[in-house]
Amino acid sequence: MRTIQQVCLIGLGAVGSAYAAKMYATAPDLVKIIVDHKRWEEYHRHEVRVNGITYPFLLVTPDRAKGPADLIMIAVKQHHLAEALRVIRPFVGKETIILSLLNGITSEELIGKEYGMENLLYAFVVGTDATREGRVTRYSNLGEIVFGEK
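Quick note on my numbering: the sequence shown kicks off at 1057 and runs consecutively.
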């Protein structure tokens, strides 16, 4: 089994920013946030705050990818998934594990169609009360990632 050394996450909404903050608190250098150029500028102007703490997440754009990630977590809304799949392309290698945090079953089908089913983990988040207003996320219960299979 490989050790996961580079984690990328796309989507800093309520769920994405909450999980990014949790990972950052544990290992600040482990996680990188994949963003397009527009969001890169926005996040540099308005930092992300989670439960009152400002997080200086390491933001990376597709043109700055330094090889494939070991794990990519997708935490965008369903209507942003197609764009997210395009943006993560330079970070996906043949051994990259992809974890979708979207609710529903269609996200895995779309991800699998784009990148193959062999490295896709079936999962979703339950029990979270995370909410986001602007660039501020608050939660008292992070919930948990539930894994399943097709």
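By construction, the Cβ of each residue, glycine as well, lies at the ideal position given by its N, Cα and C atoms.
When you compare the CB positions of residue i and residue j, do they come within less than 8 Å of one another, or not?
i       : j       : result
Ile1089 : Leu1114 : yes
Ile1066 : Ile1167 : no
Val1148 : Pro1124 : yes
Asp1092 : Thr1059 : no
Asn1197 : Phe1180 : no
Thr1184 : Val1071 : yes
Thr1193 : Val1106 : yes
Ala1074 : Tyr1195 : yes
Could you give the C-beta distance for residue i and residue j, rounded to a whole number, given that I count them as a contact under 8 Å?
i       : j       : result
Leu1176 : Ile1201 : That belief does not hold up - the Cβ atoms of Leu1176 and Ile1201 are roughly 14 Å apart, past 8 Å.
Tyr1178 : Glu1205 : 6 Å
Leu1157 : Ala1186 : 11 Å between Cβ atoms; not a contact.
Leu1086 : Met1079 : 6 Å
DSSP has residue i in a bridge; who is on the other side?
i       : result
Phe1147 : Its beta-bridge partners do not exist; DSSP assigns none.
For residue i, count the other beta carbons within 10 Å of its own beta carbon; 16 or more makes it buried, fewer makes it exposed. Which is it?
i       : result
Arg1120 : exposed
Ala1076 : buried
Phe1203 : exposed
Thr1152 : buried
Met1129 : buried
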